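Counting from 0, one number per residue, gives the positions in the sequence shown under numbering that gives the first Met the number 0.
Using N, Cα and C, we set each Cβ at its ideal position, and we do this for glycine too.
Nothing here was measured: the structure is a model prediction, and the numbers come from that model.
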Amino acid sequence: MGPILIVDDEFGIAEAIQDLLRDEGYRTAHAINGLQALEQMAVERPVLVLLDYMMPVMKGPELLEAMGKDPNLSGIPVVMMSASPPESWIHLPCAAFLPKPFDLEQLLNTVYRFAGQPKPR
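Here is the structure:
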C-alpha cells in the first residue's frame, strides 16, 4: 500500500496529521505544494491525498485538475481540506471535504473510509 500524501504548506498542520496517521499505523509522505506533490506521486503512487486548498506555487484545485488529467493519478481519492466557504470548493471533483479546523475523529474516519484500516505492524 502506498503512503497517504499530505499536501499542506502549513508545517504544524501537516506534522500533526503525519504524527496521528503514523501512530495509527499508516505510512505518510508530505509535500508543501501541488507541484512537489506531483513530483512525489511520480515516484510512488499514494493510496490517498489529503490536500489543502490554498498553497503557494500550485494550489489544491490546480493539483486536483492535474491529477484528473493523468490516468495514473486520476483514481486516487483526494480529500480537500480548507477553511474556505463551501462555494469555493463544492464544485471540485474531490472524494470528500474536511473543513478546517477539523477534529481528529473526523480526520481518522475520513482516512479509514478512503484508505482502509492500516495493516498491523
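Report the option in the options whose CA atom is closest to the CA atom of residue i.
i, options, result
"Leu19", "Leu107, Lys118, Tyr111, Ala114", "Leu107"
"Val56", "Arg112, Val77, Asp7", "Asp7"
"Met79", "Ile5, Phe10, Gly1", "Ile5"
"Leu103", "Ala15, Ser81, Pro92", "Ala15"
"Gly59", "Ser87, Pro70, Asn71", "Ser87"
"Ala82", "Met54, Ile3, Gln116, Val46", "Met54"
"Arg112", "Val77, Pro92, Ala36", "Val77"
"Ala13", "Ala28, Gly1, Pro2", "Ala28"
"Arg26", "Leu62, Ile89, Ser73, Pro45", "Pro45"
"Leu91", "Lys99, Pro70, Ala65, Glu38", "Ala65"
Report back the beta-carbon spacing between residue i and residue j to the nearest angstrom; my notes put them in contact at under 8 angstroms.
i, j, result
"Val48", "Ile75", "6 angstroms"
"Ile3", "Ala95", "That pair is no contact at about 13 angstroms."
"Cys93", "Leu62", "The Cβ separation is near 10 angstroms, so there is no contact."
"Met126", "Lys118", "Any answer about residue 126 is impossible in this case: the structure gives the chain only from 0 up to 120."
Rounded to whole angstroms, what is the Cα-Cα separation between residue i and residue j?
i, j, result
"Gly24", "Ile31", "22 angstroms"
"Gln35", "Asp51", "13 angstroms"
"Pro84", "Gln17", "25 angstroms"
"Asp22", "Leu97", "20 angstroms"
"Leu72", "Gln39", "12 angstroms"
"Gln116", "Gly11", "25 angstroms"
Per DSSP, which one or two residues make a beta bridge with residue i?
i, result
"Met80", "Asp51, Leu97"
"Ala28", "Leu4"
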